[in-house]
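Mapped onto full-length UniProt numbering, the consecutive letters of the sequence shown carry residue numbers 1 to 274. One structure below.
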Amino acid sequence: MGDTQTVPDFAEEFGRGAASFAELDEPLWNPISTAAVARSRPQFDEHVLDACCGDGASALPTAELVGVGGLVDAVDLAEPLIAIARERADDRMPQLHLHVADVTTWEPAGYDLVQCVLGILFLPDVAAGTRHLIERARPGGRVAVTVWARGALEPLPDLLVRALPDGAASDLDLEDLTKPTVESAETPGTLALWLTERGLVDVRAEQVQRRLEPTPELAWRLVRGTGLQAIVSGLDDGELERVRERFLATLAEDGVTSVDVSTLIAVGRRPEVE
Numbered sequence: 001m002g003d004t005q006t007v008p009d010f011a012e013e014f015g016r017g018a019a020s021f022a023e024l025d026e027p028l029w030n031p032i033s034t035a036a037v038a039r040s041r042p043q044f045d046e047h048v049l050d051a052c053c054g055d056g057a058s059a060l061p062t063a064e065l066v067g068v069g070g071l072v073d074a075v076d077l078a079e080p081l082i083a084i085a086r087e088r089a090d091d092r093m094p095q096l097h098l099h100v101a102d103v104t105t106w107e108p109a110g111y112d113l114v115q116c117v118l119g120i121l122f123l124p125d126v127a128a129g130t131r132h133l134i135e136r137a138r139p140g141g142r143v144a145v146t147v148w149a150r151g152a153l154e155p156l157p158d159l160l161v162r163a164l165p166d167g168a169a170s171d172l173d174l175e176d177l178t179k180p181t182v183e184s185a186e187t188p189g190t191l192a193l194w195l196t197e198r199g200l201v202d203v204r205a206e207q208v209q210r211r212l213e214p215t216p217e218l219a220w221r222l223v224r225g226t227g228l229q230a231i232v233s234g235l236d237d238g239e240l241e242r243v244r245e246r247f248l249a250t251l252a253e254d255g256v257t258s259v260d261v262s263t264l265i266a267v268g269r270r271p272e273v274e
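In structure tokens:
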């Protein structure tokens, strides 16, 4: 069921953290995906492309909604995450097709719905990759994109950078690594405009506000299971443990009681005639 292609280094690294990623399903990925699917509104018998599907948090409920007469192509570069999704789906969803593949070169098109939940930021060229996803929808088909809102994951990025070994931060592009949002698309209005410029029409976007209480265990899971992992990816086990200790100590010292995990969800249509 599905294809396997060569996985770039960044996807291999993200895949190695599949267990940490999956540990965030209940507190983070499932609520975000539920909100996204509620707005993309998959229908019975529809054909759907779920791009950058991760471990299936949005693909599995979408497959349930389209039913056995529909089809969901769920695509991700990280084979370990696809393996988790495949295990969860088991044999009860023949309409769900899981693929280890690069969505930026995905050729099938004509989908009733194309959705991408927190995935476009990982595309090598975000604008071009998003345009490619839009072109996978049929004329008149829906495209739904979920991204982090402005301020998402704060204040964790700053705390994590402060916990790095002396000199480690100088080797990182911290502006990119500590900013999980899509540049120039950080509010509902700017995201809608950005997607309109990529080729969608009738785009509606909204912010879904949510916060988490960062217990020490959850705070470190957020580091290891989100894009924040890139900040500590070059550390050995001993350095990583020391960073964890300093990070959690700073979290307590600063009295951090909540982490912003708000998202922006936009839904538009591919024009009938371009």
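By construction, the Cβ of each residue, glycine as well, lies at the ideal position given by its N, Cα and C atoms.
The C-alpha of Ser-40 is placed about 25 Å away from the C-alpha of Glu-79.
Just measuring C-alpha positions, the residue of Gly-141, Leu-98 and Gly-119 sitting nearest Gly-110 is Gly-141.
When the Cα atoms are used, Val-100 and Glu-213 turn out to be separated by approximately 34 Å.
In this structure, the straight-line span from the alpha carbon of Leu-71 to that of Val-243 is close to 44 Å. When DSSP states are grouped into helix, strand and coil, Ala-185 belongs to the coil group.
DSSP lists Ile-265 as the beta-bridge partner residues of Glu-206. Taking one beta carbon from each stretch, the segment 144-157 and the segment 257-264 have 3 or more pairs nearer than 8 Å; the two touch.
A Cβ-Cβ distance of about 7 Å is found for the pair Leu-118 and Val-147, placing them in contact under the 8 Å criterion. Between Gly-56 and Ile-32, the C-beta spacing is not below 9 Å. Cβ neighbours of Gln-207 within its own chain (closer than 7 Å, five residues either side excluded): Ala-149, Pro-188, Ser-262 and Leu-264.
Glu-46 and Glu-64 have their C-alpha atoms some 11 Å from each other. Just so you know, the alpha carbons of Phe-44 and Arg-92 end up roughly 16 Å apart.
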